[in-house]
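Note that the sequence shown covers residues 333 to 482 in the numbering used here.
A quick write-up on the structure given underneath.
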Amino acid sequence: MCRILITLLAACIGLAGPATLAGAELLSATRMVIAILADDLFVGEAEGHLSGAGTLAIRSQKSPDLTCLGQFTSSAALGGLGQMHCTDGTTGTFHFQRLSVFRGHGAGSSSRGAMSFVYGLSAEEAEPYLKLPKGKKLRHNGIELALFDL
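Spelled out as structure tokens, the structure:
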């Protein structure tokens, strides 16, 4: 009888383990974000969880003290929606579409102006999806991503 109870307990723990991990949001993925917000380049990271919820943290390349934090929800069928708040008081909303589980692109609006962004893409892959300022291109300057004159 004791052996049966121990086996049953072990089976219950095995079944509860993965659900507990997913419920605790321990199964997640982090990807680089490249964003253009009101003609300013921002870079950072987005972390998405198995549940579809996630967070965003980006920083202006021109003014490094300017950061934005946000939250989003997503699904494979519907894409995603989110909102963000920046240290200068800017607020915004955005939507995005997945290209794959870990890559995608989106757009939004903010109190500073329009926004376009990608996640999980290199700078070269990102250009078709980003609305770059007129006369600018996105490249590495040897240290970080930057906007350069054409």
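Where a beta carbon is used, it is the ideal one built from N, C-alpha and C, also for glycine.
| Asked | Found |
| --- | --- |
| Boundaries (first-last residue) of the beta strand (DSSP E) holding GLU457 | No beta strand (DSSP E) contains GLU457, which is instead part of the alpha helix (DSSP H) from 455-458. |
| Residue from CYS400, LEU464, PHE428 with nearest C-alpha to GLY411 | PHE428 |
| Short Cβ contact (8 Å threshold) for GLY402 with LEU388 | yes |
| Uninterrupted alpha helix (DSSP H) stretches inside the stretch 430-454 (no shorter than 4 residues) | none |
| Contacting residues, own chain, Cβ-Cβ under 8 Å from LEU477 (five flanking each side not counted) | ILE366, LEU373, VAL375, GLN393, ALA455, LEU470, ARG471 |
| Beta-carbon proximity list for GLY452, same chain, < 6 Å, skipping 5 on both sides | ARG363, PHE434, ARG435 |
| Contact belief for SER395 with THR422 at Cβ below 8 Å, rounded distance in angstroms | About 12 Å separates the two Cβ atoms, so there is no contact after all. |
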